[in-house]
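Residues 1 to 111, numbered by this note's numbering, are exactly what the sequence shown covers, in order.
Glycine is no exception: its CB is placed at the ideal position from the N, C-alpha and C atoms.
Contents: one structure, followed by commentary.
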Amino acid sequence: MIFHTSYCLENPRTHQVLVIRGCCFALAALLGSFVVLVKAGPRAFVKAVPVNILFVVGIGLSIFASAWLGGLPRIFLLFAMPLVLMVLQGRAMVQIMRNHFAARGWYVHEL
Numbered sequence: 001m002i003f004h005t006s007y008c009l010e011n012p013r014t015h016q017v018l019v020i021r022g023c024c025f026a027l028a029a030l031l032g033s034f035v036v037l038v039k040a041g042p043r044a045f046v047k048a049v050p051v052n053i054l055f056v057v058g059i060g061l062s063i064f065a066s067a068w069l070g071g072l073p074r075i076f077l078l079f080a081m082p083l084v085l086m087v088l089q090g091r092a093m094v095q096i097m098r099n100h101f102a103a104r105g106w107y108v109h110e111l
């Protein structure tokens, strides 16, 4: 599975627990920085927006470049490249959330 890492984040003072599993990776891949805004707040959102912009630019460039290519490279750029970029975006968004909570003093446990 692509999203094999899960995290359990625990606040040491309030013992609040936040678990990030595969569905969170998938949501972050699809919705980008909005998942970070909902789960981690506006400070992490500001860090996530540039990653989201790079994702949109990458998708745009792959569609733009596919206009001049034919055959297998065009299929790769139109179908495989967006999937690869979504996986990278999902992992980056989860890392931003994980690092945000770790910087705030939360315990991070890898499941």
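Taking residue i as the reference, which of the options has the closest Cα?
| i | options | result |
| --- | --- | --- |
| Gly105 | Ser6, Glu10, Gly71 | Glu10 |
| Met81 | His15, Ala67, Gly58 | Gly58 |
| Leu54 | Ser33, Leu27, Val94, Cys8 | Ser33 |
| Ala40 | Ser66, Gly22, Met97 | Met97 |
If residue i and residue j are in contact, beta carbons under 8 Å, what's the gap, nearest whole angstrom?
| i | j | result |
| --- | --- | --- |
| Ala29 | Met86 | 4 Å |
| Ile63 | Leu78 | 7 Å |
Any idea what DSSP makes of residue i, helix, strand or coil?
| i | result |
| --- | --- |
| Met1 | Low confidence applies here, because Met1 scores a pLDDT of 47, under 50, leaving its location unreliable; read the following figure in that light. The answer is coil: DSSP assigns Met1 none of H, G, I, E or B. |
| Leu54 | helix |
| Leu9 | strand |
In terms of residues, what are the limits of the beta strand (DSSP E) holding residue i?
| i | result |
| --- | --- |
| Leu30 | Per DSSP, Leu30 belongs to no beta strand (DSSP E); it is in the alpha helix (DSSP H), 22-31. |
| Ala109 | The amino acid occupying residue 109 in the given sequence is His; Ala does not appear at that position. Element bounds for His109: 107-110. |
Could you please give the first and the last residue of the uninterrupted alpha helix (DSSP H) stretch that includes residue i?
| i | result |
| --- | --- |
| Leu69 | Unbroken run through Leu69: none, as it is neither H nor E. |
Report yes if the CB atom of residue i is closer than 8 Å to the CB atom of residue j, and no otherwise.
| i | j | result |
| --- | --- | --- |
| Val51 | Gln89 | yes |
| Met93 | Val36 | yes |
When you measure from the CB of residue i to every non-hydrogen atom of the ligand HEM, does any distance come out below 7 Å?
| i | result |
| --- | --- |
| His100 | Ligands are entirely absent from the displayed structure, and the ligand HEM is therefore not among its contents. |
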